[in-house]
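Chains as they are written, first to last, in the working numbering: chain A, 1 to 178; chain B, 1001 to 1032; chain C, 2001 to 2204.
The beta-carbon is built from N, C-alpha and C at its ideal position, and this holds for glycine as well.
What you are looking at is a predicted structure, and each value in this text was computed from that prediction instead of being measured.
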């Protein structure tokens, strides 16, 4: 079987089939008859039929076992998936990553994309907050100015009234002199 | 030994996803 | 001999390839033995029908053992070959292949230092955001205070307005001028008075 080309499932079936054929071929009737020589001499047909039954029972039992293993292991699906993954990686020459055996080390790569995402979010959020705060700062500064202005206005008005107060004093003085 | 290997590799397959799910919750909470 | 646990393959298949093949080996071996015994039983039962055959069951047992030993040897050889091919070419993951579930390791292979650096950056960003949030809070507080202050100042200005309006309503357009006028008038009046007094004294 050209092992690198054939899809895994095909390879698997072919290899098991070849194993079975060779195993059954090695249990030849000559060999079987030779081992049961005395019985073979007495009953050659029975010997042949027992031998035939032996081989066919062995073949069906092994084949059933293989089918069961394929089914329980979900091998057909897994082999097809693995073939596709291997096909997709055929351009990669370097040895691929493998678990290091240190969980926290291997976990890092899993968490990095989420941390990068968080970093991006925070950066964007921070920029937005800065813009927002700049706007607020402008309003605060404008507010401070407005208050300053109002305070000056009030100062002027109260100075004016103080001046009036003085005038009033003078008037009283002026009126007070007989 | 075999069980250990299967158990370890099952964890390798499942735990990162589970941990990542909790990690995402943590990040979301930090955002809030 | 160091055992290759084939853990990456196990991660993919969900079982260790060696165990899978061990199970197949055990099953095949059991079948070989069981079916061998069945064949022997059939022969012995056949012999029961041939009492003068002079073939003893131990003879049959010898035959069984020699056939089984031969088959077992062949089985071991063939199974060994099959196992090595299956482990190396079918149930194995070539070393350049990365399982899709592990793609993250291809994209984000961070060293411990890089990871910690990344965490520091995120921490710093979080602090920056908190600082901005605190600043925002302070700005909002000041804006609230400004609103209240401005309202107070506006109230004071309105009070001044109401004073002036009160004057206007009573014919005083401008207090300063009016007071100046009154003061002038008052001082004129008082100087007139003085004049009058002096005249009346001189007339007196």
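Boundaries of the alpha helix (DSSP H) harbouring residue 1004 of chain B: 1002-1031, taken from the DSSP string. The alpha-carbon of residue 2061 of chain C is positioned some 13 angstroms away from that of residue 32 of chain A. CA-CA distance, residue 78 of chain A to residue 2013 of chain C, rounds to 7 angstroms. Distances from the alpha-carbon of residue 59 of chain A to those of C/2139, C/2035, C/2041 and C/2179 put C/2035 closest. Taking C-beta separations shorter than 7 angstroms and ignoring five residues to either side along the sequence, residue 2023 of chain C has no partners in its chain. Runs of the alpha helix (DSSP H) spanning 4 or more residues and lying entirely within the region 26-92 of chain A occur at 29-35, 37-42, 44-72 and 75-88, in chain order. With a cut-off of 8 angstroms on Cβ pairs, the region 130-144 of chain A is not in contact with the region 2151-2160 of chain C, counting fewer than three such pairs.
Residues of chain C with a Cβ closer than 8 angstroms to the Cβ of residue 1030 of chain B are, in chain order, 2126.
By the rule that beta-carbons nearer than 7 angstroms mark a contact, residue 148 of chain A does not touch chain C. Not one beta carbon of chain B lies nearer than 7 angstroms to the beta carbon of residue 75 of chain A. Under the Cβ distance rule, residue 2123 of chain C does not count among the residues neighbouring chain A, no pair being separated by less than 7 angstroms. Within the region 2091-2108 of chain C, 2091, 2093, 2094, 2095, 2096, 2097, 2098, 2099, 2100, 2102, 2104, 2105, 2106, 2107 and 2108 place their CB atoms closer than 9 angstroms to a CB of chain A, listed in sequence order.
A straight line joining the alpha-carbon of residue 2143 of chain C with that of residue 148 of chain A spans about 14 angstroms.
Under the 10 Å beta carbon count, residue 2063 of chain C is surrounded by 16 or more other beta carbons and is classified as buried. For residue 2191 of chain C, the enclosing alpha helix (DSSP H) has its first and last residue at 2175-2203. No Cβ of chain B is located within less than 7 angstroms of the beta carbon of residue 82 of chain A.
Proximity of residue 2158 of chain C to chain A, defined by a Cβ-Cβ separation below 7 angstroms, is not satisfied. Counted as a single uninterrupted DSSP element, the alpha helix (DSSP H) harbouring residue 2084 of chain C occupies residues 2057-2085. The CB of residue 1023 of chain B comes closer than 7 angstroms to the CB of 111 and 114 in chain A, given here in chain order.
In terms of CA proximity to residue 53 of chain A, A/24 leads the group A/42, A/24, A/73 and A/131.
The continuous alpha helix (DSSP H) containing residue 114 of chain A extends over residues 103-176. Under the DSSP assignment, residue 2106 of chain C falls in the alpha helix (DSSP H) whose first and last residues are 2103-2107.
In the displayed model, residue 2097 of chain C falls within coil according to three-state DSSP, outside both helix and strand.
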